[in-house]
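Enquirer: So the sequence lines, in the order shown, correspond to chains A and B.
Here the working numbering is used: the first residue of the first sequence is 1, the next is one more, and so on.
Here the working numbering is used: the first residue of the second sequence is 223, the next is one more, and so on.
Don't be surprised by glycine CBs; every beta carbon is placed ideally from N, CA and C.
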Amino acid sequence: MIEYNELEQKLVLKLVYYGPALSGKTTNLMQLHEALDTKGRSDLMVLDTKDDRTIFFDLLPFYFVTPTGLKIKVKVYTVPGHIRHDATRKAVLSRADGVAFIADSKLTEATNNYGSFENLEQNLAFVGLDIEKIPLVIQFNKRDLPDIVAEDEIKKVWEPTGIKIFMASALHGRGVLETFKCLVDLTYDHLDKRFSLGENHELSKEAFINNLTCSNCAYLAV
Amino acid sequence: METEVKTNDGIDFLVGVEMSLNDILSAPEVDPLLAAIIKGGAELVAITDPKGRFLWAKGDRNGARELQPSVRQDADKGRYENANWRLWPLYHEAEPIGFLFILRPPGESLCHLSHITEMAFTTLNLIMKNSVKRMLTTEVHTASIQQSYNELLEINKKLSISEKKYRHLAQTLEQRVEERTAELKKAHTRLLQQEKMASVGQLAAGVAHEINTPIGFIYSNLNTLLKYMATLIKMLKFYKKSSTVQTAGSLNESEELYNKLKIDFIMDDSLDLIQENIDGAEKIKTIVANLKDFSHIDDVSEIEMNINQELENTISVLLHEIKSRSARIIKKFGRIPSFKGHPGLISQVFFNILLNALQSKDKDLVITVRTEQKMDDLVISIADNGPGIPSDIQGRLFEPFFTTKDVGQGTGMGLSIAYDIVSGHKGNIKVNSQIGEGSNFSIILPLNKKYSPSVEG
Chain A
1 MIEYNELEQK LVLKLVYYGP ALSGKTTNLM QLHEALDTKG RSDLMVLDTK
51 DDRTIFFDLL PFYFVTPTGL KIKVKVYTVP GHIRHDATRK AVLSRADGVA
101 FIADSKLTEA TNNYGSFENL EQNLAFVGLD IEKIPLVIQF NKRDLPDIVA
151 EDEIKKVWEP TGIKIFMASA LHGRGVLETF KCLVDLTYDH LDKRFSLGEN
201 HELSKEAFIN NLTCSNCAYL AV
Chain B
223 METEVKTNDG IDFLVGVEMS LNDILSAPEV DPLLAAIIKG GAELVAITDP
273 KGRFLWAKGD RNGARELQPS VRQDADKGRY ENANWRLWPL YHEAEPIGFL
323 FILRPPGESL CHLSHITEMA FTTLNLIMKN SVKRMLTTEV HTASIQQSYN
373 ELLEINKKLS ISEKKYRHLA QTLEQRVEER TAELKKAHTR LLQQEKMASV
423 GQLAAGVAHE INTPIGFIYS NLNTLLKYMA TLIKMLKFYK KSSTVQTAGS
473 LNESEELYNK LKIDFIMDDS LDLIQENIDG AEKIKTIVAN LKDFSHIDDV
523 SEIEMNINQE LENTISVLLH EIKSRSARII KKFGRIPSFK GHPGLISQVF
573 FNILLNALQS KDKDLVITVR TEQKMDDLVI SIADNGPGIP SDIQGRLFEP
623 FFTTKDVGQG TGMGLSIAYD IVSGHKGNIK VNSQIGEGSN FSIILPLNKK
673 YSPSVEG
């Protein structure tokens, strides 16, 4: 986590959307921004550049206060996918509490997916995080496109690892919220072990998830 | 996530640190806005932190440093305005981080202030948004630049290590090239010297061959002459005896002449003279033959040779040197098998080492030449009772041009050439020398050249 200030009763968490360039990380965040209630979340901050890709990163912050007065801020980041921004990726990844890996389902992107995942493993190790322990979900995006990797194949590869896999079409809002919910879910479990959120702060997992994903529109309905 | 990521310098490459209003806004940005609101008629305007403490304030605040408790209580209840004042909550990342507070002058309505404050609030939010964006950009830039910088430092470190390695390599390379060049130069000179020696040998062999024929008939004629002379003397003696008997009275005239011519002496001496000539001619013949054998001018390929015989030949060539120094040569030749090699070259080895030994001492010089077979090696040792070789120069003996003789006396090539020749026969030369006790050069020649010689102390 970025910060835990006991005196101010404040917990700042970081979730990171990782993945190869143009796999739809920003689209995921934009859809979340659109879908979720404005209460308790800020505007999506997009630091983009002229060539349409996310050179720096996007940031979608959430904020709520538990009944016991613990202020919880969750900052959801995307990393720049382009290979040359590895230093930025490391900085964004540092002290992350959870990672959503957004893979590109297109057949032609298999190599890039693989390279990016390997890069994630390396950078997690670099910033002192254990890929085996950190909450991690994988989303195969762009399911609406032709020439994509078959779902059976994906499942065959990833199911044995125990990592949760989601099929999505971020552009159309499908699978976005499910991915995020699962990541938040896993993150709660991880945090609860350390901070006893449920016991000490009267924050149940449901409340935690609801606070971050209260959607009152049907936009993202599956 | 429990581990903090620290670099070597303790810089934390972290994106997402929390910011307060103090970090986001600065007086130069805020002041004009607050001044405008006061100008618009407000009694007091302030920007506060979440707890209501004034961060920036303008107007008449009567020494107040924070919001009145009543205002704060209202704010906590979600009431942000009454007839006298208004609060505008400021958010950063969805978190309330402060307020814009406006107090109306006593007795005046806030109404006419609302437009300007609305504008100021919007502007303030815009400034905050841009400021945050700029700070985030800077944050990421700094983080990634710091990281790249550290990576560059690391690369630089590695580069300088490898540069050092290569520089060292280049330096030693230069040194190696120099060494090789020197070696080549030496080898070249050695070849020249060897060629020179070879042509000297060729000349000697040619001269020997030319002398061989005349000395042949001189020797043969001298033998015949000795026989003739003996016959003549026999006849002359017979004449003298018979004439003395027959003509007793008139003897005097011939007897007088006979005595006057000292015929008796001539007869005795001429035989001795001829014998001496024969001995001399014989000696010349031997020398010439040795010289020819020694030079081995006709042998280019390896042949089976008798090492003991080669030593004999070499010693005879050096006979003059041996005699002039009254040196004693002790030969302890063992029963050794023949050795396959270049006789001319091997002789040169013996010659060079023997010559050194001969020059080691002027008086009472004793040189012991020994041959023996040790396992699969032939060992030829040439030991003198000279002054010995100082240990500090023993290692340099076989270096080309190394000499202890006066300038012009030695080439410094003798032992170097000997070493090369023996190496060429897969052999080795060992030196054992102590000051005052003489030197012993052992030439080890392997009988089976496939194996390197086993050297015994």
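Any idea if B:GLN393 is buried or exposed, counting beta-carbon neighbours within 10 angstroms, 16 or more meaning buried?
Expert: Start at 1 with the first residue of the second sequence, and residue 393 of chain B comes out as number 171. Answer is exposed; the Cβ neighbour count stays below 16.
Enquirer: Looking at the strands, I want to know which residues DSSP matches up with B:HIS314.
Expert: Numbered from 1 along the second sequence, position 92 holds the residue referred to as residue 314 of chain B. According to DSSP, B:HIS314 bridges with B:GLU317.
Enquirer: Using DSSP with H/G/I as helix, E/B as strand and the rest coil, what is B:GLN581?
Expert: Within the second sequence, the letter at position 359 stands for residue 581 of chain B. Looking at B:GLN581 - three-state DSSP - the assignment turns out to be coil, as it is neither helix nor strand.
Enquirer: Leaving out the 5 sequence neighbours to the left and right, which residues in its chain are closer than 8 Å to B:LEU447 when beta-carbon positions are compared?
Expert: As a first step, residue 447 of chain B is located in the second sequence; it is residue number 225 there, counting from the start. Within the same chain, B:LEU447 has close Cβ partners ILE496.
Enquirer: To test your reading of the DSSP string, which unbroken alpha helix (DSSP H) runs of 4 or more residues are found completely within the stretch 237 to 275 of chain B?
Expert: 243 to 246 and 249 to 261
Enquirer: Who are the near neighbours of A:THR213 in its chain, counting only those whose CB is closer than 8 Å to its CB and skipping five residues on each side?
Expert: Stepping through the first sequence from its first residue, residue 213 of chain A is reached at position 213. Excluding positions up to five away in sequence, the list reads LEU36, LEU177, PHE180, LYS181 and VAL184.
Enquirer: Thinking A:SER105 and A:ASN141 are a contact (beta carbons under 8 Å), I'd like their distance in whole angstroms, please.
Expert: Within the first sequence, residue 105 of chain A is the residue found at index 105, counting from 1. Within the first sequence, residue 141 of chain A is the residue found at index 141, counting from 1. Right, their Cβ atoms sit about 6 Å apart.
Enquirer: Going along chain B in order, which residues have a C-beta closer than 7 Å to the C-beta of A:THR88?
Expert: The residue labelled residue 88 of chain A in the question sits at position 88 within the first sequence. Simply VAL362 and SER366.
Enquirer: Beta strand (DSSP E) containing A:TYR77: first to last residue?
Expert: The sequence position of residue 77 of chain A within the first sequence is 77, counting from 1. 71 to 78 is the span of the beta strand (DSSP E), which, as asked, contains A:TYR77.
Enquirer: Start and end of the beta strand (DSSP E) containing B:ARG550?
Expert: As a first step, residue 550 of chain B must be located in the second sequence, where it is residue number 328. Unbroken beta strand (DSSP E) run through B:ARG550: 550 to 555.
Enquirer: So the candidates are B:LEU567, B:LYS545, B:LEU243 and B:SER560; which of them puts its Cα closest to the Cα of B:SER353?
Expert: Numbered from its first residue, the second sequence carries residue 353 of chain B at position 131. Nearest option by C-alpha distance: B:LEU243.
Enquirer: From the DSSP secondary-structure annotation, give me the bridge partner or partners of A:GLU3.
Expert: Stepping through the first sequence from its first residue, residue 3 of chain A is reached at position 3. Paired residue(s): A:VAL12.
Enquirer: Considering only their Cβ atoms, is the gap separating A:VAL12 from B:GLU240 smaller than 9 Å?
Expert: The residue you call residue 240 of chain B lines up with position 18 of the second sequence. The residue you call residue 12 of chain A lines up with position 12 of the first sequence. Against a cut-off of 9 Å, the Cβ pair of A:VAL12 and B:GLU240 comes out as a contact.
Enquirer: Any Cβ of chain A within less than 9 Å of the Cβ of B:SER384?
Expert: Here residue 384 of chain B is taken as the residue at index 162 of the second sequence, counted from 1. So, not an interface residue.
Enquirer: Between the Cα of B:GLY646 and those of B:ALA579, B:SER613, B:ILE665 and B:GLN656, spot the shortest distance and give me the residue it belongs to.
Expert: Taking the second sequence and counting its residues from 1, one reaches residue 646 of chain B at position 424. Among B:ALA579, B:SER613, B:ILE665 and B:GLN656, the Cα nearest to that of B:GLY646 is on B:ILE665.
Enquirer: What does the alpha-carbon distance come out to for the pair B:ILE551 and B:SER661?
Expert: One-based indexing of the second sequence puts residue 551 of chain B at position 329. One-based indexing of the second sequence puts residue 661 of chain B at position 439. About 15 Å.
Enquirer: Can the beta-carbon of B:ILE604 be found closer than 9 Å to that of B:ILE589?
Expert: Residue numbering aside, residue 604 of chain B sits at position 382 when the second sequence is read from its first letter. Residue numbering aside, residue 589 of chain B sits at position 367 when the second sequence is read from its first letter. Yes, they are a contact pair.
Enquirer: What does B:LYS355 touch in chain A if you count any residue whose Cβ is under 9 Å from its own?
Expert: The residue labelled residue 355 of chain B in the question sits at position 133 within the second sequence. The answer, in chain order, is MET45 and LEU47.
Enquirer: Using 8 Å as the cut-off, can you tell me whether the stretch 557 to 565 of chain B makes contact with the stretch 523 to 540 of chain B, which would need three or more C-beta pairs spanning the two stretches below that distance?
Expert: yes
Enquirer: Taking only runs that begin and end inside the stretch 423 to 465 of chain B, name each unbroken beta strand (DSSP E) of 3 or more residues, in chain order.
Expert: none
Enquirer: Is A:PHE57 close to chain B? Criterion is C-beta to C-beta, closer than 9 Å.
Expert: Looking up residue 57 of chain A in the first sequence gives position 57. Using a CB distance cut-off of 9 Å, A:PHE57 counts as an interface residue toward chain B.
Enquirer: Answer yes or no: do B:GLY285 and B:VAL267 have a C-beta to C-beta separation smaller than 9 Å?
Expert: Walking along the second sequence from the start, residue 285 of chain B turns up at place 63. Walking along the second sequence from the start, residue 267 of chain B turns up at place 45. No; because the gap between Cβ atoms is not below 9 Å, this pair is not in contact.
Enquirer: Going by beta-carbon coordinates alone, are B:LEU335 and B:ALA257 separated by less than 9 Å?
Expert: Here residue 335 of chain B refers to the residue found at position 113 of the second sequence. Here residue 257 of chain B refers to the residue found at position 35 of the second sequence. No, the Cβ-Cβ distance between B:LEU335 and B:ALA257 is not below 9 Å.
Enquirer: With distances taken from CA atoms, which of A:LEU171, A:LYS14 and A:TRP158 is nearest A:LEU22?
Expert: Here residue 22 of chain A is taken as the residue at index 22 of the first sequence, counted from 1. Among A:LEU171, A:LYS14 and A:TRP158, the Cα nearest to that of A:LEU22 is on A:LEU171.
Enquirer: Compute the distance between the beta-carbons of A:ARG174 and A:ASP144, then report whether it is under 9 Å.
Expert: Mapped onto the first sequence, residue 174 of chain A falls at position 174. Mapped onto the first sequence, residue 144 of chain A falls at position 144. Cβ atoms of A:ARG174 and A:ASP144: closer than 9 Å.
Enquirer: On a CA-only basis, which of B:GLN368, B:PRO254, B:THR453 and B:ILE367 is nearest B:THR345? Give me that one, please.
Expert: Numbered from its first residue, the second sequence carries residue 345 of chain B at position 123. Checked all of B:GLN368, B:PRO254, B:THR453 and B:ILE367; the closest Cα to B:THR345 is B:PRO254.
Enquirer: Along chain A, in chain order, which residues have C-beta atoms closer than 8 Å to that of B:SER370?
Expert: Translated into the one-based positions of the second sequence, residue 370 of chain B becomes position 148. Residues of chain A whose Cβ lies closer than 8 Å to the Cβ of B:SER370 are, in chain order, ALA87.
Enquirer: State the DSSP-derived secondary structure class of B:TYR174, mapped to helix, strand or coil.
Expert: The displayed coordinates of chain B run from 223 to 679. Any statement about residue 174 of chain B would go beyond what the structure contains.
Enquirer: What residue does the alpha helix (DSSP H) around A:LEU191 start on, and which one ends it?
Expert: Residue mapping note: residue 191 of chain A aligns to position 191 of the first sequence, counting from 1. Counting along the chain, the alpha helix (DSSP H) containing A:LEU191 begins and ends at 176 to 195.
Enquirer: Short check: CB of B:ASN176 to CB of B:GLY617, under 9 Å?
Expert: Outside the displayed range of chain B (223 to 679) lies residue 176 of chain B, so it cannot be described from this structure.
Enquirer: Considering only the alpha carbon of each residue, which of A:ALA103, A:PHE57 and A:PHE62 lies closest to A:HIS33?
Expert: Counted from its first residue, the first sequence places residue 33 of chain A at position 33. The alpha carbon of A:HIS33 has as its nearest neighbour, out of A:ALA103, A:PHE57 and A:PHE62, the alpha carbon of A:PHE62.
Enquirer: For B:HIS314, would you say it is in contact with chain A, using Cβ-to-Cβ distances shorter than 9 Å as the test?
Expert: The residue you call residue 314 of chain B lines up with position 92 of the second sequence. Yes, B:HIS314 lies at the interface with chain A (some Cβ there is under 9 Å from its Cβ).
Enquirer: Got a sec: is the Cβ-Cβ distance from A:PHE195 to anything in chain B below 9 Å?
Expert: In the first sequence, counting from the first residue as 1, residue 195 of chain A sits at position 195. For A:PHE195, the answer is no, since every Cβ of chain B falls outside 9 Å of its Cβ.
Enquirer: For B:THR345, which residues in chain A fall below 7 Å Cβ to Cβ?
Expert: Position 123 of the second sequence holds residue 345 of chain B. Going along chain A, no residue has its Cβ under 7 Å from B:THR345, so there is no contact; the nearest lies around 17 Å.
Enquirer: Which ranges would you report for the beta strand (DSSP E) in the stretch 92 to 116 of chain A if only whole runs of at least 3 residues count?
Expert: 98 to 104
Enquirer: Would you verify that the beta carbon of B:LEU375 is, or is not, closer than 9 Å to some beta carbon of chain A?
Expert: Walking along the second sequence from the start, residue 375 of chain B turns up at place 153. Not closer than 9 Å to any Cβ of chain A, the Cβ of B:LEU375 fails to qualify, so no.
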